[in-house]
């Protein structure tokens, strides 16, 4: 059986902390560049340029892309034929702790959500999944809270029309308005249970979105029509309008119960950061 | 920035001078201090506050990433601060109707700055000093000297707003 030491996982997480916070994802960056090029409103174009320039400066000078270095969300897929020597969750949180400290990121985590105070770098929120094989795949998504605060969940009737669901998703973006740093990436989870739909919505943010593959699937068509409807809201960067209110809509689905239809929306700001490593 | 009456919503400008960083928990404490008639950590009269919580300061840098945070979370505290002499605020996003009315009443001004551009904005900071509430960590009150800090007037002293 293949073995891996927990210390190796800690080192990998430290590396992910650096990559995710300093270098904007290539698909996000190219979507932002595309938005900048196609924008005609001069002021909005200038704002989009500042966003693209900010990403370049962050990468060049090893500065955080955004001061909100997020609640670190970690998706882990562990191969069932891999033996981990040590405590996996502890190793991940230690990587977060050391990485955030090493790279001078922000200590945004309060240990007690009600009493507040005593801000630190960790823990993160860890989602563990067991898969086939003997590898471990770790993805770090530092999630800023300006946009996390705009998350929404609705338990629809199983007979709900697709139009009602679309209205709910568009309304969630409208509600976020200009507060959460548009242009957004909109993650949507459909199905499962209340909790699982919300995890899917978050996970949907990890889907690469540079191009829609043809022919479009039913979900692909839904994503495309939602993106069109959201961009008609005319919110735009900092609420100043223009063509781009969202860069992408990503949907993930899962089977659900005959009595229900959970739909969860998780919005990301334009600084959608994530990094993945496979060991 | 003495004659703020001349600025109109939508106008873009570059500010050089002193601004004070304060966000959620610092606002709660400032308002408590006002209510209890305690001494404030900086003179509110004529001051500009910046809703921000920078990262830790990297080696050889003046400050880390330091973009604006969502202003609406400060809405409940803002009218009290304006009443006590606060002049301006810098953040991102729209404000409540109460804040807009208070800005008009007390002749204040609300600016927005480049949202999600914390690395870029760090280049406009010349000096940083922690002046109060150090125990709040990233929410401590800081005094910043800024140069050519980019601003857009979002709500002007007459109550005019870019958000309609």
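Chains as they are written, first to last, in the numbering used here: chain C, -12 to 266; chain G, 23 to 186.
C-beta atoms are modelled at their ideal positions from N, C-alpha and C, and glycine is treated no differently.
Asked	Found
Decide if residue 144 of chain C is buried, meaning its Cβ has at least 16 other Cβ atoms within 10 Å, or exposed.	exposed
What did DSSP end up calling residue 141 of chain C once you bin it into helix, strand or coil?	strand
Within 8 Å of any Cβ in chain C, is that where the Cβ of residue 182 of chain G sits?	no
What does the alpha-carbon distance come out to for the pair residue 128 of chain G and residue 27 of chain G?	11 Å
Looking at the secondary structure, which residues open and close the beta strand (DSSP E) in which residue 263 of chain C lies?	262 to 265
Using C-beta distances below 7 Å, list every residue in its chain close to residue 117 of chain C, excluding the 5 sequence neighbours before and after it, in chain order.	65, 67
Is it the case that the Cβ atoms of residue 48 of chain G and residue 153 of chain G are separated by a distance below 8 Å?	no
Quick one: which residues of the segment 145 to 162 of chain G get their C-beta closer than 9 Å to a C-beta of chain C? List them in chain order.	145, 157, 158, 159, 160, 161
Residue 244 of chain C: buried (16+ other C-beta within 10 angstroms of its C-beta) or exposed?	exposed
What residue ranges within the segment 36 to 67 of chain G form continuous alpha helix (DSSP H) runs of no fewer than 4 residues, ordered along the chain?	46 to 57
Give the secondary structure of residue 133 of chain G by DSSP, where H, G and I count as helix, E and B as strand, and everything else as coil.	strand
Between the Cα of residue -4 of chain C and the Cα atoms of C/33, C/71, C/46, C/51, which residue gives the shortest distance?	C/71
In terms of residue numbering, what span does the alpha helix (DSSP H) encompassing residue 101 of chain G cover?	100 to 105
From the DSSP secondary-structure annotation, give me the bridge partner or partners of residue 72 of chain G.	G/43, G/112
For the beta strand (DSSP E) containing residue 178 of chain C, list its first residue and its last residue.	171 to 179
Using the beta-carbon count (16 or more within 10 Å), is residue 96 of chain G buried or exposed?	buried
Any beta carbon of chain C sitting closer than 8 Å to that of residue 185 of chain G?	yes
With DSSP collapsed to three states, give me the class of residue 26 of chain C.	coil
Measure the Cβ-Cβ separation of residue 152 of chain C and residue 263 of chain C and say whether it is below 8 Å.	no
Is it right to say residue 202 of chain C is buried, meaning 16 or more other beta carbons lie within 10 angstroms of its own, or is it exposed?	exposed
Counting only C-beta atoms, is residue 221 of chain C closer than 8 Å to chain G at any point?	no
Which first and last residues belong to the beta strand (DSSP E) in which residue 251 of chain C is found?	248 to 255
What residues in the segment 65 to 99 of chain C bring their beta carbon closer than 7 Å to a beta carbon of chain G?	91, 92, 93, 94, 95
Quick one: Cα of residue 182 of chain G to Cα of residue 170 of chain G, how far?	24 Å
Just to confirm the assignment, what range does the alpha helix (DSSP H) spanning residue -6 of chain C have?	-7 to 9
Closer than 8 Å by beta-carbon distance: list the chain G residues that pair up with residue 243 of chain C, in chain order.	Those within 8 Å of residue 243 of chain C in chain G number zero; the least Cβ separation is about 33 Å.
So, are the CB atoms of residue 50 of chain C and residue 80 of chain G less than 8 Å apart?	yes
Taking 8 Å as the threshold, find out whether the segment 144 to 153 of chain G comes into contact with the segment 76 to 91 of chain G through three or more Cβ pairs.	yes
For the beta strand (DSSP E) containing residue 147 of chain G, name the first residue and the last one.	147 to 154
Determine the chain G residues that contact residue 248 of chain C at a beta-carbon separation under 7 Å, and present them in chain order.	Simply none; closest approach about 31 Å.
Note down, in chain order, every chain G residue with its Cβ under 8 Å from the Cβ of residue 162 of chain C.	Those do not exist, as residue 162 of chain C stays about 12 Å from chain G at its closest Cβ, beyond 8 Å.
Can you pull the chain C residues whose beta carbon is under 7 Å from the beta carbon of residue 47 of chain G, in chain order?	103
Kindly list the residues whose CB is nearer than 8 Å to the CB of residue 105 of chain C, restricted to its own chain and excluding five residues on each side of it in sequence; keep chain order.	97, 98, 99
So which of C/238, C/260, C/259 has the shortest CA-CA distance to residue 252 of chain C?	C/238
With 16 as the cutoff for other CB atoms within 10 Å, does residue 68 of chain G come out buried or exposed?	exposed
Counting along the chain, where does the alpha helix (DSSP H) carrying residue 157 of chain C start and finish?	149 to 163
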